[in-house]
Amino acid sequence: MNDKLAVIGFGTMGQAITGGLVEAAGYPPERIVTSDKAKGPKARARAQALGIGWEAHPLEAVKQSQAVLLCVKPKDLGALLDGLRASGALDHKPLVVSIAAGVDLAFLQARVPEGTPVIRAMPNTPCSIRMGTTVLAPGLHAGDEHLAVARTYFEPLGAVLDLEEHHFDAVTGLSASGPAFIFVILEALAEGGVQCGLPRAVALELAARMTLGAASMVLQTGRHPAALKDEVTTPAGCTIAGLLALEDGRIRSVLARGVERAAQVAGGLGS
Ligand SMILES: NC(=O)c1ccc[n+]([C@@H]2O[C@H](COP(=O)([O-])OP(=O)(O)OC[C@H]3O[C@@H](n4cnc5c(N)ncnc54)[C@H](OP(=O)(O)O)[C@@H]3O)[C@@H](O)[C@H]2O)c1
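The opening position of the sequence shown corresponds to residue 973 in our numbering, with each subsequent residue numbered one higher.
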């Protein structure tokens, strides 16, 4: 079998993943073919700019590929798989990788020919700049060799973690929805800088660079954020004053409940 990857659904995530692979990681574009039912010329022009193949119908892309990356919305996944199976496009049992939130392995396995290897993946949009995180869980017929193939798609885009499938809604609420939460936090931090007189562009750059640095300290030192926070907090200083104002606004429970709520909704997306 060839080493082609079919990316079905070329929206936000389809483009983030293929863009990251081709533009940031140097993945050969001729090894990717995509298909999207979008009628407008925009997605097609993006595929053309990346140099990847384009097929008008998903079955043509899937038939010629050893692996299929499903990047459509959860509500569209059942009909897509049923159509692919009925047309015989999955008869060669390609590796099927789904990134759909809330759609479990049992649902996917029931819609592909018996014995087809299926993997569930949960990436996030920072994959488009190779700063992403992807969590993988293998289905019944997916072995180490299939996980190794899936890793070749996601490792060039950032970190890859293996987790049991029952964690996926939590992963979705934290890691996949999380970039949006951080964008709101960055916007709010920058507003604080603007309120104190900083030019908006400077405030936003400081907020983003500070966030990147703080997150990198947690990852690189392995130390608990509370210990790192205590080190920045001089007695009677400005940081403890700011921290207490944040605690008055219940910042911890607001953020934690945001993740919990996103995970709850993710769990219902596949039904
Ligand atoms: N966005 C994120 O941050 C994120 C993170 C992790 C995982 N995910 C998962 O990634 C998946 C895609 O999300 P997205 O944000 O990229 O969605 P999106 O921007 O709407 O892209 C999905 C694309 O697939 C197309 N499509 C739908 N049915 C199709 C079919 N049968 N054949 C070919 N193309 C089809 C859609 O076209 P139409 O618009 O015309 O229907 C759309 O262009 C979802 O399942 C989501 O749960 C998203």
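We treat Cβ as the ideally placed atom computed from N, Cα and C, and that holds for glycine.
Around the beta-carbon of Cys-1210, fewer than 16 other beta-carbon atoms lie within 10 Å, marking it exposed. Pro-1000 sits exposed, since fewer than 16 C-beta atoms from the chains shown fall within 10 Å of its C-beta. Counting only the Cα atoms, Arg-1018 lies some 22 angstroms from Ala-1072.
Residue pairing by DSSP places Thr-1006 opposite Val-979, Trp-1026 in a beta bridge. Secondary structure at Gly-986: helix, using DSSP grouped into helix, strand and coil. Comparing C-alpha distances from Asp-1048 to each of Gly-1074, Ala-1015, Met-1189 shows the shortest one belongs to Gly-1074.
Short of 6 angstroms from the beta carbon of Val-994, and not among the five residues preceding or following it, lie these beta carbons of its own chain, in chain order: Pro-1001, Leu-1022. In the assembly as shown, Gly-991 is a buried residue. Its beta-carbon has 16 or more other beta-carbons within 10 Å. With a contact defined as Cβ atoms closer than 8 angstroms, Asp-1008 and Gly-1025 miss out at about 12 angstroms. For Ser-1070, DSSP records a beta bridge to Leu-1042, Arg-1092. For Asp-1134, the enclosing beta strand (DSSP E) begins and ends at 1130-1134. When rounded, the separation of the alpha-carbon atoms in Phe-982 and Ile-989 is 9 angstroms. Around the beta carbon of His-1118, 16 or more other beta carbons sit within 10 angstroms, so the residue counts as buried.
Contact between the region 1125-1135 and the region 1227-1238 is absent, with fewer than three C-beta pairs closer than 8 angstroms. Gly-1130 sits away from Arg-1092, with the two beta carbons spaced by 9 angstroms or more. Relative to the non-hydrogen atoms of ligand 1, the Cβ of Phe-1140 never comes closer than 8 angstroms to any of them.
When Gly-1050, Gly-1055, Pro-1013 are compared, the shortest CA-CA separation from Pro-1030 is found for Gly-1055. Within the model, the alpha-carbon separation for Tyr-1125 versus Leu-1241 is close to 25 angstroms.
Taking all protein chains shown into account, Ile-980 has 16 or more neighbouring C-beta atoms within 10 Å of its C-beta and is therefore buried.
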